[in-house]
Amino acid sequence: SGEIEFDDVHFSYDDGRTTAINGVSFKVPKGSSVALVGESGSGKSTILRLLYRFYDLGEGQGRILIDGQDIRDITQKSLRKAIGVVPQDSVLFNSSIQYNIGYGKFGSTPEEIEAAAKSAQMHERIMGFPDGYNTKVGERGVRLSGGEKQRVSIARTLLKNPPILLLDEATSALDTSTEKDIQKALQNLVQGRSSLSIAHRLSTIASADIILVLKDGQIYEQGSFRELVELN
Ligand code: ADP
Ligand code: ADP
Numbered sequence: 024s025g026e027i028e029f030d031d032v033h034f035s036y037d038d039g040r041t042t043a044i045n046g047v048s049f050k051v052p053k054g055s056s057v058a059l060v061g062e063s064g065s066g067k068s069t070i071l072r073l074l075y076r077f078y079d080l081g082e083g084q085g086r087i088l089i090d091g092q093d094i095r096d097i098t099q100k101s102l103r104k105a106i107g108v109v110p111q112d113s114v115l116f117n118s119s120i121q122y123n124i125g126y127g128k129f130g131s132t133p134e135e136i137e138a139a140a141k142s143a144q145m146h147e148r149i150m151g152f153p154d155g156y157n158t159k160v161g162e163r164g165v166r167l168s169g170g171e172k173q174r175v176s177i178a179r180t181l182l183k184n185p186p187i188l189l190l191d192e193a194t195s196a197l198d199t200s201t202e203k204d205i206q207k208a209l210q211n212l213v214q215g216r217s218s219l220s221i222a223h224r225l226s227t228i229a230s231a232d233i234i235l236v237l238k239d240g241q242i243y244e245q246g247s248f249r250e251l252v253e254l255n
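All residue numbers for the sequence shown refer to this note's numbering, where the first residue is 24 and numbers rise by one.
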């Protein structure tokens, strides 16, 4: 599972005064990665919010389908199971690293948590903490950088193992070693899943199967990186 379709989607905020999405259609074959590109305000975040049913489409605003099923007919609970979200600023609980990684999947074993942390490129960093996986984060524990928080969130999502991913890449400049770790962690996460990313890194855009260039709530261009480069 994990095939996504937007079918002539329209959406506005403020009781119709702010048009955010204005007739967007695209298909994401199962397991494909999509990079959403476009200037601020072009509608990238709204596309992710609609897929997660943060907002619902009304009558005449088109349809969003997962595996052929209208998402309005899927319960919030099963939708949340099917979709993993890695936000730009990952918020962690004031609890242990282990709890923060395992939270998404109740009852996960220490071995599963460690494997997820390895895949998310966080294991070595965690082993450097005084109490390893039992180290607390937040006010009463270690402070994690933005990139580290994001990798913990990636580990949590790996453990949850959803067929669909929504990613919002950080725009902030990260140092090069952190950048490489995150890149690797994201590769491991995206592998084999359908993903929609608000992409800021060139490498994410270049490696996506489909690039959607948005402008004023519409798809301005779409294709593979190669297709778009040859087009311009
Ligand atoms: P990004 O650059 O990551 O897309 P934005 O700056 O567009 O983020 O939006 C940040 C937050 O502000 C979002 O949660 C969005 O819902 C909200 N937001 C954006 N534009 C408006 C607006 N015109 N009115 C109210 N809230 C807005
Ligand atoms: P992007 O993610 O590409 O920056 P958004 O999807 O956040 O774009 O925004 C698309 C349009 O909708 C913009 O005009 C933005 O100001 C507006 N918008 C976004 N979120 C909100 C919100 N919560 N309330 C009102 N307007 C919003």
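Every residue gets a Cβ at the ideal spot worked out from N, C-alpha and C, and that includes glycine.
Hey, would you say the C-beta of S63 is under 8 angstroms away from at least one heavy atom of ligand 2?
Yes, ligand 2 has a heavy atom inside 8 angstroms of this Cβ.
I need the DSSP call for D114, collapsed to helix, strand or coil.
First, the residue type needs correcting, since residue 114 is Val and not Asp in the sequence shown. It is coil, neither helix nor strand.
Within 10 Å of its beta-carbon, does T194 have 16 or more other beta-carbons around it, so buried, or fewer, so exposed?
T194 should be labelled exposed.
As assigned by DSSP and simplified to three states, the class of Q92
In this structure, Q92 counts as strand in the three-state DSSP scheme.
Label K67 either buried or exposed according to how many other C-beta atoms from any shown protein chain fall within 10 Å of its C-beta, with 16 as the threshold for buried.
Burial call: buried.
Would the C-beta of D79 count as close to ligand 2, meaning under 8 angstroms from any of its heavy atoms?
The answer is no for D79.
May I ask whether a heavy atom of ligand 2 can be found less than 8 angstroms away from the beta carbon of G240?
Indeed, a heavy atom of ligand 2 lies less than 8 angstroms from the Cβ.
Using a Cβ-Cβ cut-off of 9 angstroms, state whether E192 counts as contacting chain C.
You won't find chain C in this structure, because it holds only one protein chain.
Where S113 falls, given that 16 or more other Cβ within 10 Å makes a residue buried
Buried is the call here.
If we call anything under 9 angstroms between Cβ atoms a contact, is L115 one with E28?
Cβ distance not < 9 angstroms, so L115 and E28 don't count as in contact.
Report yes if the C-beta of Y243 is less than 8 angstroms from at least one heavy atom of ligand 2; otherwise report no.
Answer for Y243: no, Cβ out of range of ligand 2.
Can you look up F248 in the DSSP assignment and give me helix, strand or coil?
F248 falls in the helix class under three-state DSSP.
Taking 9 angstroms as the threshold (C-beta atoms), are A208 and A178 in contact?
Cβ atoms of A178 and A208: closer than 9 angstroms.
State the beta-bridge partners of Y36 as determined by DSSP.
Answer by DSSP bridge pairing, in chain order: T41.
For T41 and D232, the rounded distance between their alpha carbons
Looking at the two C-alpha atoms, the distance is approximately 31 angstroms.
Can you determine whether any heavy atom of ligand 2 sits closer than 8 angstroms to the C-beta of T227, and answer yes or no?
Every heavy atom of ligand 2 is 8 angstroms or more from the Cβ of T227, so no.
At which residue ranges does the stretch 124-197 contain complete alpha helix (DSSP H) runs of 4 or more residues, listed in the order of the chain?
Runs of the alpha helix (DSSP H) inside the stretch 124-197: 133-142, 146-150 and 169-183.
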